[in-house]
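Protein chains in written order, with our numbering: chain G, 1 to 454; chain W, 1001 to 1454; chain U, 2001 to 2454. Virtual Cβ for every residue (Gly too), placed ideally from N, Cα, C. The structure appears right after this line, and notes come after that.
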Amino acid sequence: MGLNKLVLASAVCAALSTPLQAGSELATLLMVLHENGTISSEQYQRVLAEMEASRQQEEQLKQGMQAQLDKASNVDVSLSKGGLAVKTRDGRFSTNIGGRMQLDVASYGEGSHGAGSTLGDGSEVRRARLYLKGTIYQDWFYKFEYDFAGSGDNKSGITDIWLGYKGFDFEGLSLKVGHFRDPFMLQDQVSDNNTQFTERASIDAFTAGRHIGVMASINRQHWTTALGVFGDKASNKGGTADEGWGTAGRVTWMPINEKGALLHLGLAADYRSTRGNDVRFKQQPETHVSGVNFVDTGTLTDVDSYLSLAAELAVVQGPFSAQAEYVHSRLDREFANNATFDGWYAQAGWLLTGESRPYTFKGAKFKAIKPNSIVGKGGIGAWELALRYSTIDLNDGLISGGEMDNLTLGLNWFPTPGLRVSANYIKVLEMERAEHSLDNEEADIMQLRGQWAF
Amino acid sequence: MGLNKLVLASAVCAALSTPLQAGSELATLLMVLHENGTISSEQYQRVLAEMEASRQQEEQLKQGMQAQLDKASNVDVSLSKGGLAVKTRDGRFSTNIGGRMQLDVASYGEGSHGAGSTLGDGSEVRRARLYLKGTIYQDWFYKFEYDFAGSGDNKSGITDIWLGYKGFDFEGLSLKVGHFRDPFMLQDQVSDNNTQFTERASIDAFTAGRHIGVMASINRQHWTTALGVFGDKASNKGGTADEGWGTAGRVTWMPINEKGALLHLGLAADYRSTRGNDVRFKQQPETHVSGVNFVDTGTLTDVDSYLSLAAELAVVQGPFSAQAEYVHSRLDREFANNATFDGWYAQAGWLLTGESRPYTFKGAKFKAIKPNSIVGKGGIGAWELALRYSTIDLNDGLISGGEMDNLTLGLNWFPTPGLRVSANYIKVLEMERAEHSLDNEEADIMQLRGQWAF
Amino acid sequence: MGLNKLVLASAVCAALSTPLQAGSELATLLMVLHENGTISSEQYQRVLAEMEASRQQEEQLKQGMQAQLDKASNVDVSLSKGGLAVKTRDGRFSTNIGGRMQLDVASYGEGSHGAGSTLGDGSEVRRARLYLKGTIYQDWFYKFEYDFAGSGDNKSGITDIWLGYKGFDFEGLSLKVGHFRDPFMLQDQVSDNNTQFTERASIDAFTAGRHIGVMASINRQHWTTALGVFGDKASNKGGTADEGWGTAGRVTWMPINEKGALLHLGLAADYRSTRGNDVRFKQQPETHVSGVNFVDTGTLTDVDSYLSLAAELAVVQGPFSAQAEYVHSRLDREFANNATFDGWYAQAGWLLTGESRPYTFKGAKFKAIKPNSIVGKGGIGAWELALRYSTIDLNDGLISGGEMDNLTLGLNWFPTPGLRVSANYIKVLEMERAEHSLDNEEADIMQLRGQWAF
């Protein structure tokens, strides 16, 4: 709109100069009348002088008005999917308000329910987040996001709270300070708004998550790199013991990265020194409603540090997309043998309505699908079919965290940009965990999500 | 403002076409001069051609400017009572930010205080809510509201979080999915901003409250109907047990519904299958500051399901309004006799300053009173006197939840739209509850509220 | 922008009147032609009449357009440091969205760490606040602010929630109702965004803090006064016991108060009747990350009431500023001897880059430093060096709350308005507290803060 106002200003001023051009007819007529001897030279000069005075007056008005219009169109307000975006025309300041709402319903079948039930059917507000983000004096940018469904029980609802600086001369370089997601694993970098399934694959047990830290990153069309040093989570409330710290880094290479075609390769590492704090890896069967973990190492107390390594692969070809990751995690323990856990997943999706899963090199991740046609304007939105296999192994030596293999079938519907309805059927193919009431059971889960993000 | 901008655009363009009209004087003069033989046909044609060229140039500018103005006035920003409302001129998108703030002070008299005191004098932030709501692609609409005074202690501050769809051809039909209030009882449908007293009548013990669910409703000038199926509350955090579910419906008939005159009749039902979850009915003596319940069944464990039925009546005639409701609730218990509780209230109000209590058929409920005159502009705002009698009986068989009859005198002052000060004097006429320290005492309560809603 | 639009409207209208002025050339020509006898009187009158008709038409358009422009420029949107400010041109309504984000990292040296460690190194989100404030019908104003980092553990994140009225005829008089900071101590009135050090001096143990109450204040260029009556905190959840209440007042005199020069003198008192509620004074060593108190009276149960008195002094001369306060607190106890605690601090700052620490008589407090030059536009921002000595004594009779003397060296950097980075080195000169593991230890603390306020 800022640009439009500029063009508008020009248009108005051009329009206002038309009396002058209209005046050119008058000048021509005057000249004709003078040439014909109808009016005297003195009369001719007198009217001409009046015309020139008018022209100068108009010119002044034009310039004053241009200045006023520049100020009037200083700020630009727009709505997007129900949020609010305001920016100054000079790009030095901006403020955005938005959020995401996710509502889940889950029903657990035999093997997970009934006699010896451990998974309770139900519904939940999965996420209810609002954010405020902005640009400050062009080079600085910040975000604050809070999850109103995620607070309580020693958890903080704070997700993102960071300040960035991008005023460097080096192309694509930026610096971030605050509480944000460590650069580890593709499926973690992709917003949960835009994941192909309602929950991330089970290796999310190895997620680095969010910490307070500082990170430098370079994002370019065909490669990215990010490296950060991190303290503890925003929810850690201090105390008499030192907090843990860690470092995480990720590099990606996208030899193909154009509209509708992608080849993405990535490597990432996450090192964490616990400084005496407890460590625990656990995961639900790719559902969140019941909150029951299928694999769980329990609290591991004497871990000095651990190092997780991840390898990423993603492909897009028109309406088809595929994505796979492998994670390996090694724990250094003081008074016990070191332990090693790992897991991987592979998933593929097909957009039945012909869209292509969009990707951005800024953060090297997938973005939100925009339907080609919109419900309510004669369209049916976008429809996507997806399939995923995932496996995780948290058994090593004396640690019996369990093992789980899942197959998930997903259907996603995007009636308009910002809206999404997802249905997931999750079949636990194998679940081995000694002393767990569902050991050797093959649970199946039907899960629905409604989501609007703005 | 959107419309204004459109009118403005037309005005500007009309104004800019005046050189042409001003040019019509010139055309007339030219014609005259040509007719008089002062200028030759050739000269006449030459100046005329210049005029036509100018006219076309101006026409182009006009159209370009119209297009630019259309874009410039695309978004409409307005403030209302301290909130923010933004919408696109085409009505396809809107975003609103608003909230409500309620501050209470309560002092408890003899029979509720002093020796054997159970009600503590004090003040509290009763509600501190902010909401964000919006329209997405015209047919979809959402609301997210959070109560910053209502979180903590296993409670979630989430009140409303829902997505609606109104793109149906059927007049007044809409669909809602999410966490919102079940359609049960008139006094629950009326926002607590707009209730006649600071707290709802004691049968609020039977409130259906809010749940995650789906609801269809039809709202028309003279009747409404709503039917929903509901899971559990947003604050329920899942677990190993299944959550409860329920269904609620409400029909209303308003044979008289015009400005200043209303006859409202309503029936509603709320059925809930507990699926093993506990049930408890309890109520404070229409005050919230101390948090002490006067009637309370305690936790009832073996309830299979319960069904509550409500009948509603409301009347408005000029500055007078009246409202009454009766609720009957029946519990099905597995290993004990079924139990039946009930209660009712009747209240009447008189707007001393002549306003009429406003009503909307959208949800079949009362709205906020708008004062005829405003404090600060020579007015005194709106003043309302109100009286209520309420009774509730939670005794049945072995369940001794108690019985309470209250009389409340209320005075409401609305200095401007959005602002409200309320004073309530509540006299507990009878309170019978075995083994309660206030059994047979007749407490009296003085309560003040300051409120601003925007 | 409102004003700009007004000026713009005038400019447009003036511009549109130019056809008339341009028409004056035509009028002159007509007159000339008529005088020369080229056109007849009838022809002259005909063209003149057409001109007059055009002029009137333009005048109407001008007025209509003026009205439309007045409406179009009704609301004014601006961004400031990443927040959002909207106001109506008539000043009757406004809505502002803003907040503050503070991130801390602290490292504790010998004497506070290592063997016998009690202070844990770490990082934290110190404050994450958003606010909404506004003007309602010109005379009323409100603020709601929530600290998303401050909730949980029986604490409410609500900081400010109040409604004010300023429609009095008496200059500088305003009334506030709600939850806000009691008028006590200069360092408490100064926003934590604008304090010279990351944490307030140790006598913050005597802070009156925020309560629900009502306050009248008069703010004038050379003096202010404020007096309030207060109930309990927003976090107090009522119950069977009465809440405490108190009253606090503050007067200040600023014989010198101009740009770059200030002499501020202040006196304040805070009285609180506990009504049986517990009392506790405690303080961390001017760091917040670890959360460990160095001085702490523990819970004092039989305190009837207490009265704290404070004396304030502040001076600004160009880039130099100084500030000092003394607080004395006396506890009346029922079954024990009365107790007396006290403390004071003195601090001085020097803005190396030549700015002056700004002050406002509205609340009689310091404001945010605005750098003369901005990072990213060739500048280095503002840099400030500061030094503080503080002492507190919580020992009296049988109460051994301890004694602490601290010296703090601070460096503040303000790259742009709204952004701040602070480094504080705190040396505990003396810490005497019987039975505390750090008794007689001289801890030293290195603390960093990143802050953006908008």
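- Identification of chain W residues near Gln-2045 of chain U by a Cβ-Cβ cut-off of 9 Å yields none; the smallest Cβ-Cβ distance measures about 11 Å.
- Contact check for Gly-2157 of chain U against Leu-2130 of chain U fails: the beta carbons are separated by 7 Å or more.
- In summary, the residues of the segment 78-109 of chain G whose CB is separated from some CB of chain W by less than 8 Å are Ser-78, Leu-79, Ser-80, Lys-81, Gly-82, Gly-83, Leu-84, Ile-97, Gly-99, Met-101, Leu-103, Val-105, in the order they occur in the chain.
- Your pair Asp-2396 of chain U and Glu-2430 of chain U does not check out as a contact, with CB atoms roughly 18 Å apart and the cut at 8 Å.
- Think of a sphere of 9 Å around the beta carbon of Thr-38 of chain G: the chain W residues whose beta carbon falls inside it are Leu-1033, Thr-1038, Ile-1039, in chain order.
- Put simply, the CB of Trp-1413 of chain W is far from chain U, with every gap to its CB atoms at 7 Å or more.
- Between Asp-302 of chain G and Arg-333 of chain G, the CB-CB gap stays under 7 Å.
- With respect to the 7 Å criterion, Thr-1198 of chain W and Ser-1422 of chain W are classified as neighbours on the basis of their beta carbons.
- Around the beta carbon of His-211 of chain G, 16 or more other beta carbons lie within 10 angstroms, which makes this residue buried.
- When 9 Å is used as the limit between beta carbons, Phe-148 of chain G is near these residues of chain W: Phe-1144, Tyr-1146, Ser-1151, Ser-1156, Gly-1157, Ile-1158, Ile-1161, in chain order.
- Counting only runs of 3+ residues, the beta strand (DSSP E) found wholly inside the segment 337-375 of chain G occupies 339-351, in chain order.
- Under a criterion of Cβ atoms nearer than 9 Å, the residues of chain U adjacent to Thr-135 of chain G are, in order, Leu-2079, Gly-2082.
- For Glu-403 of chain G, the uninterrupted beta strand (DSSP E) segment begins and ends at 399-414.
- Taking the C-beta atoms as reference points, Lys-176 of chain G is found no nearer than 7 Å to Gly-167 of chain G.
- Proximity of Glu-1025 of chain W to chain U, defined by a Cβ-Cβ separation below 7 Å, is satisfied.
- Around the beta carbon of Thr-2360 of chain U, fewer than 16 other beta carbons sit within 10 angstroms, so the residue counts as exposed.
- Counting every other CB atom within 10 Å of its CB across the protein chains shown gives Gln-1045 of chain W a total below 16, marking it as exposed.
- Contact between the segment 1265-1272 of chain W and the segment 1079-1087 of chain W is absent: fewer than three C-beta pairs spanning the two stretches fall below 8 Å.
- Around Met-101 of chain G, the same chain offers Ala-128, Trp-452 as residues with beta carbons nearer than 6 Å, after the five sequence neighbours per side are excluded.
- Look at the segment 1150-1187 of chain W and you find no whole run of alpha helix (DSSP H) that is 4 residues long or longer.
- Residue-level contact check: Ile-2445 of chain U does not touch chain W, since none of the beta carbons of chain W fall below 7 Å from its beta carbon.
- His-2034 of chain U carries a helical assignment under DSSP once its states are collapsed to helix, strand and coil.
- Around the C-beta of Asp-439 of chain G, fewer than 16 other C-beta atoms lie within 10 Å, and the residue is accordingly described as exposed.
- Interface criterion met: the Cβ of Leu-2029 of chain U is under 7 Å from a Cβ in chain G.
- Cβ proximity to chain G below 8 Å picks out Ala-1234, Asn-1236, Lys-1237, Gly-1238, Gly-1239, Thr-1240, Ala-1241, Asp-1242, Glu-1243 from the segment 1233-1255 of chain W.
- Here Ser-1054 of chain W carries a helix assignment [DSSP, helix/strand/coil].
- Between the alpha carbons of Lys-2133 of chain U and Ile-426 of chain G lies a gap of roughly 47 Å.
- Apart from sequence neighbours up to five positions away, the residues of its chain that approach Gly-2291 of chain U with a beta-carbon distance below 8 Å are Gln-2284, ordered along the chain.
- Excluding five sequence positions before and after Asp-2139 of chain U, the CB atoms of its chain that fall closer than 8 Å to its own CB belong to Tyr-2165, Lys-2166, Gly-2167, given in chain order.
- Here the alpha carbon of Gly-2231 of chain U sits roughly 9 Å from the alpha carbon of Thr-2247 of chain U.
- Spatial neighbours of Gln-447 of chain G in its own chain (CB-CB distance under 6 Å, excluding positions within 5 residues in sequence) are listed in chain order as Ala-106, Thr-198, Thr-287, Asn-424.
- For the segment 354-384 of chain G, the set of positions with a beta-carbon nearer than 9 Å to some beta-carbon of chain W reads Ile-374, Val-375, Gly-376, Lys-377 in chain order.
- Beta-bridge annotation (DSSP): Gln-43 of chain G is not paired with any residue.
- Under the 8 Å Cβ criterion, the segment 344-351 of chain G counts as touching the segment 382-396 of chain G, having at least three qualifying pairs.
- Residue environment: Phe-1414 of chain W is assigned as buried (16 or more neighbouring CB atoms within 10 Å of its CB, all protein chains considered).
- Sequence-distant Cβ neighbours of Gly-2260 of chain U in its own chain, meaning closer than 8 Å and more than five residues away, are Val-2316, Gln-2317, Gly-2318, Ser-2356.
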